[in-house]
Amino acid sequence: MIKSMTGYGKAVAEQEGKKLCIEIRTLNSKQLDVYTKICRFYKEKESLIRSVISKELERGKIDVAIYFENNEDVSDFTINKNLLLKYYEEIKSISAEANNKFPTDHFALAMRMPDVMLSGGEKLSDEEWDKFLISLNEALKQVNDFRLHEGGILGEDIKKRISLILNLLKEIEPFEKKRMDIIKERIQKNLKELIGVDKADKNRFEEELIYYLEKIDITEEKVRLKKHCDYFIGTMKQPDANGRKLGFISQEIGREINTIGSKANDADIQKLIVLIKDELEKIKEQLLNIL
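Numbering (the numbering used here), first residue to last: 1235 to 1525.
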C-alpha cells in the first residue's frame, strides 16, 4: 500500500459558542517533524496533541494549526492588575531617576511587560477535550485519506515505470546475441592478422574465447534485475509504510543496471541502458514523497 507524505485535513467544530478549526498540512521529510501553532485555550495539552499526531501520521513534516475562527471571544484575556501596577511604578521611578526629559507613556510600556495579559480564567473541561479529540481525529483521517489518494496516483506511475524497465530489458536480448557474434568475429580477425589462424592453438583459443564471453555475459544480471523489479512491485502491495524499503530495493535495481551497462560493450545496449536509468531516476524522485 502506497501512501504519499503530502496531505491536508481540516476539521471545524463548535466549542462553547466558538468555532474551533484544526488544520493539518504534511510534506515529505526523512523523519517525523511536528510544528504546532496552538491557541492558548489548548496550549496546556500540546504534548498530548503531539502524541496523538505522531502515532497517526508516522513520518513527514507536519504543520498543525489550532485556532478559533471569526469569533470575538478569541481575545478573552484578563489583566494581572497587581503586576501591571508594580511594573508601572518601577518604570516611572526609573524614568525619574534617569532624568528622562522625553515624553514616555509609562502605562503603555507596563502593559507590554511579561505576564501582564493572561488568558481567560476558564479552563478546558474534560467534555471540551473529548470533543476536541474527535475533531483532531477527523482532521487526521482526512490527512490519511489524502495521503492514500496521492499515494495511489504515485503508485500507478511507479508501476508503469517498472513495467517500462522490464520491457526495455527484453529489447536488449536481440542485441545481446548479435554482440556475441560480433565479438567472436573481431577476435578471430585480430588473431588472423597477428599470427594467422593456422598457427593458433585452437583449444587454447576456444578456452580464452569462452572465458572472455563469460566475463561480459549479462544473463545473471538480467535475472536479478527482473527479480528485484518483481520484489519492488510486491513490496508496494504490503499494508505497512514501505517508502524506505522501496528506496533500498531501487538501489539494488540500480546496481544491476550499472553492471549490465559496464558489461554491455555494445552501443545499442548502452542506449537502452540510458533509457532504463532515466526511468529508475524518475522512480527514485517519486519515492522521496512516499511514506
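Just so it is clear, CB atoms sit at the ideal spot from N, CA and C, and this is done for glycine as well.
Sorting Gly1243, Arg1413 and Arg1274 by C-alpha distance to the C-alpha of alanine 1501 places Arg1413 at the top. Bridge pairing for cysteine 1255: Val1246 and Tyr1301 [DSSP]. The distance from the Cβ of isoleucine 1300 to that of isoleucine 1272 is about 5 Å, consistent with a contact at the 8 Å cut-off. Leucine 1370 has its alpha-carbon roughly 9 Å from the corresponding atom of lysine 1244. Annotated as distal: leucine 1400 and alanine 1475, with beta-carbon spacing of 8 Å or more. Scanning Trp1363, Leu1254 and Gln1265 for the CA closest to the CA of asparagine 1523 turns up Gln1265. Excluding the 5 residues flanking it on each side, aspartate 1391 has same chain C-beta neighbours closer than 7 Å at Gln1520, in chain order. The beta carbons of aspartate 1297 and arginine 1346 sit no closer together than 8 Å.
In this structure, the CA atom of alanine 1373 is about 22 Å from the CA atom of isoleucine 1387.
Nearest to aspartate 1451 by alpha-carbon distance, out of Asp1415, Val1377 and Asp1339, is Asp1415. In the DSSP secondary-structure assignment, glycine 1294 is bridged to Leu1266. Less than 8 Å divides the Cβ of lysine 1456 from the Cβ of leucine 1403. In this structure valine 1246 is exposed. Its beta-carbon is surrounded by fewer than 16 other beta-carbon atoms within 10 angstroms. Membership of methionine 1470 in the alpha helix (DSSP H) is indicated by the continuous run 1453–1470.
Residues of the same chain with a CB within less than 6 Å of the CB of arginine 1458, apart from the 5 flanking positions on each side, are Glu1490 in chain order. Rounded to whole angstroms, lysine 1393 and glycine 1294 show a C-alpha spacing of 23 Å.
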